[in-house]
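Protein chains in written order, with the numbering used here: chain V, 1 to 259; chain L, 1 to 260.
Written below as structure tokens is the structure these notes are about.
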Amino acid sequence: MKLKDTVHFQWYKTLFIVCILLVCIGSAVHVTEADFVEVFSNVDQMTSFMSRFLKPDFTYILKIWEPMLLTIKMSVTGTVLGVAFAVPFAFLATTIVTKNRIVTMVIRFFLDIIRTIPNLLLAALLVAIVGIGEFTGVLTIAVFTFGMVSQLIYEAIETIDYGPIEAAESIGANKIQTAVWSVLPQVLNQIASYTLYALEVNVRASTVLGYVGAGGIGVILNSSLALLRYDRVSVVILMILIVVVIVDGLSEAIRRRLS
Amino acid sequence: MIKQNRSYKKLILTAVAAAVILYSAAGIDYSGLASFSLSMAGDVFRGLFHPQWSYFYDGSGEDVFSLLLLTIGIAFLGTAIATLLALPIMLISAANLWKSRPAVAKIGKFICNVLRAFPELVYAIIFVKMVGPGPFAGVLAIGVHQIGMLGKLFTEEMEGMEEQSVEAMQAVGAGFWQTFFYARVPQLMPIYTSLSLNHFEIAVRSASTLGLVGAGGIGAPLIFAIQARNWDKVSIILLGVILTVFLIDTVTGAIRKKLR
Numbered sequence: 001m002k003l004k005d006t007v008h009f010q011w012y013k014t015l016f017i018v019c020i021l022l023v024c025i026g027s028a029v030h031v032t033e034a035d036f037v038e039v040f041s042n043v044d045q046m047t048s049f050m051s052r053f054l055k056p057d058f059t060y061i062l063k064i065w066e067p068m069l070l071t072i073k074m075s076v077t078g079t080v081l082g083v084a085f086a087v088p089f090a091f092l093a094t095t096i097v098t099k100n101r102i103v104t105m106v107i108r109f110f111l112d113i114i115r116t117i118p119n120l121l122l123a124a125l126l127v128a129i130v131g132i133g134e135f136t137g138v139l140t141i142a143v144f145t146f147g148m149v150s151q152l153i154y155e156a157i158e159t160i161d162y163g164p165i166e167a168a169e170s171i172g173a174n175k176i177q178t179a180v181w182s183v184l185p186q187v188l189n190q191i192a193s194y195t196l197y198a199l200e201v202n203v204r205a206s207t208v209l210g211y212v213g214a215g216g217i218g219v220i221l222n223s224s225l226a227l228l229r230y231d232r233v234s235v236v237i238l239m240i241l242i243v244v245v246i247v248d249g250l251s252e253a254i255r256r257r258l259s
Numbered sequence: 001m002i003k004q005n006r007s008y009k010k011l012i013l014t015a016v017a018a019a020v021i022l023y024s025a026a027g028i029d030y031s032g033l034a035s036f037s038l039s040m041a042g043d044v045f046r047g048l049f050h051p052q053w054s055y056f057y058d059g060s061g062e063d064v065f066s067l068l069l070l071t072i073g074i075a076f077l078g079t080a081i082a083t084l085l086a087l088p089i090m091l092i093s094a095a096n097l098w099k100s101r102p103a104v105a106k107i108g109k110f111i112c113n114v115l116r117a118f119p120e121l122v123y124a125i126i127f128v129k130m131v132g133p134g135p136f137a138g139v140l141a142i143g144v145h146q147i148g149m150l151g152k153l154f155t156e157e158m159e160g161m162e163e164q165s166v167e168a169m170q171a172v173g174a175g176f177w178q179t180f181f182y183a184r185v186p187q188l189m190p191i192y193t194s195l196s197l198n199h200f201e202i203a204v205r206s207a208s209t210l211g212l213v214g215a216g217g218i219g220a221p222l223i224f225a226i227q228a229r230n231w232d233k234v235s236i237i238l239l240g241v242i243l244t245v246f247l248i249d250t251v252t253g254a255i256r257k258k259l260r
């Protein structure tokens, strides 16, 4: 950093950025009709909510552990499905194996679009197309994982060592053989690690998917909220928290061993 | 990698993973698939390829364009609030600022973890109860959730920064706040800006779903259109959401590349 680059010589630039930010915040406040006084004037609402929320009905655990387990099953199946589809697409999304720029561009554009659709919207759409049920949740998670993991995998593939590819090609291996025997072994550990990471994200996400009818613990969360049973809501949230912490810990431990 | 190198440990791990996957896949109820009909799905896709363009802008303030602007506003304000409030949380939870009292840092990290643990949708439901349905509830939901996210990331960056410049300043007698403003802030400022921008991207995505619970934005009309099976309307809204997210990702991506 040179002296000329410091804040003292570039204050007009900083001032400009601050002004733009202030204008943005001002217009955002105007558009969203934000009224911060309202938050404090409704504190009694909050306290009545909290007082019920802080008295969890622990007997409800007996009823919700089954949907919770189902949620985990849904995330595992969805993640595996998603990764299974992501691997071939990730190979197509790099030029290393296919040596074809057009295929890469088309596939990447397709993956970009899949990634931009928010999770819950995808679930709502799939519920309408496929119908209400657990399988819809699995599909949503699979599509979401597909978008997320394929990007991570093709970025990993781009950084591999080219030696084994040349070796395989020089003895006449075709493209599929090169992909399976020279590229895949190099990224297998990373794929496993990304799968676990995706599982963590998905367990978090799948807990709310039930809100739109895609099965799992979210259905219970939705109905308890609708019935104003905040004592049950807090048990459900607590349960989600514990599961998320356990899954995070487990997958982090395995990932550390993998790398 | 040669095949003989595979240890028993790896085999066992693979077997366990396979067992877990099979157990999970077998435990799911596939009966919902029976009601799926190909002709209905065909209808959906036919509708999705005929977006109702007139709904994009009709000047009523309830069209896709103004609702997308509102969604971006929610995301922006939420992230702005979160960034401002995450800074003091970071001050509490960074272990290298509390060398003599490590317990304080633990408390700060615990606050972040608790704030982060609830899904945004749950916050949205709570805030809709508190301030009434509307975009402001969405702003608060995103803000509170992202305080936890940003607080954690800010803390990690603070703890991982290079201490050389701080030590150099301490050696010539600078106090805590002097080292903070003249050594730490200049080093961390670009990273924090980049993180905030990244979370603005994430916030746009979640703001577009918060409408499901009445917290404003494009989510509510979308869910109504899906429930009414008005696929050409769904199509134009989805198109709008995808375009907006794509645009914002590109713009913030460019700014973040410049910051690096």
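Virtual Cβ for every residue (Gly too), placed ideally from N, Cα, C.
Determine the closest residue to T136(V) out of T59(V), F16(V) and L70(V), with distance taken between C-alpha atoms. Sequence index remark: in the first sequence, residue 136(V) carries index 136 (1-based). Selected option, being the one with the closest Cα: L70(V).
Using the C-alpha atoms, what's the distance from M189(L) back to E167(L)? On the second sequence, residue 167(L) is found 167 positions in, with the first residue counted as 1. On the second sequence, residue 189(L) is found 189 positions in, with the first residue counted as 1. One C-alpha to the other measures close to 19 Å.
Would a check of beta-carbon distances place L121(V) closer than 8 Å to chain L? Within the first sequence, the letter at position 121 stands for residue 121(V). So yes, L121(V) belongs to the interface.
Taking CB distances under 8 Å as the criterion, tell me whether R256(L) reaches chain V. Position 256 of the second sequence, counted from the start, is the residue given in the question as residue 256(L). Judged by the 8 Å Cβ criterion, R256(L) is not in contact with chain V.
Taking the alpha-carbon positions, what's the N202(V) to T79(V) distance? Within the first sequence, residue 202(V) is the residue found at index 202, counting from 1. Within the first sequence, residue 79(V) is the residue found at index 79, counting from 1. Spanning the two alpha carbons is a distance of roughly 7 Å.
Pull up the distance between the alpha-carbon of P185(V) and that of Q177(V), whole angstroms please. As a position in the first sequence, residue 185(V) is number 185, starting the count at 1. As a position in the first sequence, residue 177(V) is number 177, starting the count at 1. Each residue's alpha carbon lies about 12 Å from the other.
Between which two residues does the alpha helix (DSSP H) harbouring Y55(L) extend? Residue 55(L) sits at position 55 when you count from the first residue of the second sequence. First-last for Y55(L): undefined, no H or E at that position.
Going by C-alpha to C-alpha distance, which of F91(V), V143(V), A128(V) and Y12(V) sits closest to T159(V)? Within the first sequence, the letter at position 159 stands for residue 159(V). Comparing Cα positions, the closest option is F91(V).
Does the region 154 to 172 of chain L come into contact with the region 117 to 126 of chain L, if we say contact requires no fewer than three beta-carbon pairs (one atom in each stretch) closer than 8 Å? no
Report buried or exposed for M1(L), applying the criterion of at least 16 other Cβ atoms within 10 angstroms of its Cβ. As a first step, residue 1(L) is located in the second sequence; it is residue number 1 there, counting from the start. Any reading at M1(L) must be qualified, since the residue scores a pLDDT of 49, below 50, and its modelled position is unreliable; the value itself is stated next. Classification for M1(L): exposed.
Can you name, in chain order, every residue of its own chain whose Cβ lies under 7 Å from the Cβ of M230(V), other than the five neighbours on each side? For this step, residue 230(V) is matched to residue 230 along the first sequence. In the sequence as presented, Met is not what sits at residue 230(V); that position holds Tyr. Around Y230(V): F49, R52 and F53.
Which residue's Cα is closest to the Cα of I126(L): L210(L), A171(L) and I89(L)? As a first step, residue 126(L) is located in the second sequence; it is residue number 126 there, counting from the start. Of the listed residues, the one whose Cα sits closest to I126(L) is L210(L).
Spatial neighbours of V144(L) within its chain, please: CB distance less than 7 Å, with the 5 preceding and 5 following residues excluded, ordered by chain position. Position 144 of the second sequence, counted from the start, is the residue given in the question as residue 144(L). For V144(L), where only same-chain residues beyond five positions count, the Cβ hits under 7 Å are L115 and Y123.
Please confirm whether I20(V) and I96(V) have their CB atoms less than 8 Å apart. As a position in the first sequence, residue 20(V) is number 20, starting the count at 1. As a position in the first sequence, residue 96(V) is number 96, starting the count at 1. No, they are not a contact pair.
I believe T244(L) touches V213(L) by the beta-carbon criterion, under 8 Å. Please report the beta-carbon distance rounded to the nearest angstrom. By one-based count along the second sequence, residue 244(L) stands at place 244. By one-based count along the second sequence, residue 213(L) stands at place 213. Not confirmed; about 20 Å, so no contact.
Listing by chain order, which chain L residues have their CB less than 9 Å from the CB of N202(V)? Position 202 of the first sequence, counted from the first residue, corresponds to residue 202(V). Residues of chain L passing the Cβ test: none, with the nearest at roughly 12 Å.
Nonlocal neighbours in the same chain, by C-beta distance under 7 Å from G218(V), ignoring five residues either side: If you number the first sequence from 1, residue 218(V) lands on position 218. T207, V208, L209, G210 and Y211.
Run through chain V and tell me which residues come within less than 9 Å of F224(L), C-beta to C-beta. What you label residue 224(L) is simply residue 224 of the second sequence in a count that begins at 1. Near F224(L) there are no residues of chain V at all, since even the closest Cβ is about 11 Å away, more than 9 Å.
With DSSP collapsed to three states, give me the class of A103(L). Counted from its first residue, the second sequence places residue 103(L) at position 103. If DSSP states are grouped into helix, strand and coil, A103(L) belongs with the helices.
Whole-angstrom C-beta distance between I223(L) and A124(V), which should lie under 8 Å: Position 124 of the first sequence, counting from 1, holds the residue named residue 124(V). Position 223 of the second sequence, counting from 1, holds the residue named residue 223(L). Their Cβ separation, rounded to whole angstroms, is 6 Å, which keeps A124(V) and I223(L) in contact under 8 Å.
Neighbouring residues, chain L, relative to C19(V) (Cβ below 8 Å): Working through the first sequence from its first residue, we reach residue 19(V) at position 19. Within chain L, no residue comes near C19(V); the closest Cβ sits about 15 Å away, beyond 8 Å.
CA nearest to the CA of L49(L), picked from R260(L), D232(L) and T252(L): Locating residue 49(L) in the second sequence gives position 49, counting from the first residue. Inspection of the sequence shows that residue 49(L) is occupied by Phe rather than by Leu. Per the Cα distances, D232(L).
For chain V, is any of its Cβ atoms less than 8 Å away from the one on G240(L)? The count along the second sequence starts at 1 and reaches residue 240(L) at position 240. Cβ-Cβ to chain V under 8 Å: no for G240(L).
Cβ-based neighbour list, R255(V), same chain, cut-off 6 Å, excluding 5 preceding and 5 following: The residue labelled residue 255(V) in the question sits at position 255 within the first sequence. S193 and L196, listed in sequence order.
For the region 118 to 137 of chain L, enumerate the residues whose C-beta is nearer than 7 Å to any C-beta of chain V, in chain order. F118, P119, L121, V122, I125, I126, K129, M130, V131, G134, P135 and F136
If you draw a straight line from the C-alpha of Q178(L) to the C-alpha of S206(L), how long is it? What you label residue 178(L) is simply residue 178 of the second sequence in a count that begins at 1. What you label residue 206(L) is simply residue 206 of the second sequence in a count that begins at 1. Their backbone Cα atoms lie some 38 Å apart in a straight line.
Residue from M149(L), G148(L), F180(L) and L150(L) with nearest C-alpha to M161(L): Taking the first residue of the second sequence as 1, we reach residue 161(L) at position 161. Among M149(L), G148(L), F180(L) and L150(L), the Cα nearest to that of M161(L) belongs to F180(L).
Taking Cβ-Cβ distances shorter than 9 Å, what residues in chain V pair up with R229(L)? Here residue 229(L) refers to the residue found at position 229 of the second sequence. The answer, in chain order, is A128.
Find out if the Cβ-Cβ distance for the pair M74(V), I141(V) is shorter than 8 Å. What you label residue 74(V) is simply residue 74 of the first sequence in a count that begins at 1. What you label residue 141(V) is simply residue 141 of the first sequence in a count that begins at 1. Contact flag set, yes.
Does the beta carbon of V139(L) come closer than 8 Å to any beta carbon on chain V? Residue mapping note: residue 139(L) aligns to position 139 of the second sequence, counting from 1. Yes, V139(L) counts as interfacial toward chain V.
What is the rounded straight-line gap between the Cα of T32(V) and the Cα of V39(V)? As a first step, residue 32(V) is located in the first sequence; it is residue number 32 there, counting from the start. As a first step, residue 39(V) is located in the first sequence; it is residue number 39 there, counting from the start. The alpha-carbon atoms of T32(V) and V39(V) are separated by roughly 14 Å.
Whole-angstrom C-beta distance between I113(V) and I153(V), which should lie under 8 Å: Position 153 of the first sequence, counted from the first residue, corresponds to residue 153(V). Position 113 of the first sequence, counted from the first residue, corresponds to residue 113(V). Contact doesn't hold; Cβ gap of about 18 Å is too wide.
Starting from T250(L), trace the alpha helix (DSSP H) in both directions and tell me its first and last residue. Working through the second sequence from its first residue, we reach residue 250(L) at position 250. Where T250(L) is concerned, the enclosing alpha helix (DSSP H) stretches over W231 to L259.
Answer yes if the region 79 to 88 of chain L comes into contact with the region 134 to 143 of chain L, meaning at least three C-beta pairs across the two stretches below 8 Å, and no otherwise. yes
Do I218(L) and T71(L) come within 8 Å of each other at the CB atom, strictly closer than that value? The residue labelled residue 71(L) in the question sits at position 71 within the second sequence. The residue labelled residue 218(L) in the question sits at position 218 within the second sequence. Their beta carbons are under 8 Å apart, which means T71(L) touches I218(L) by this criterion.
Cβ of D232(L) less than 8 Å from any chain V Cβ? For the purposes of this step, residue 232(L) is identified with residue 232 of the second sequence, where counting begins at 1. No, because no Cβ of chain V sits closer than 8 Å to the Cβ of D232(L).
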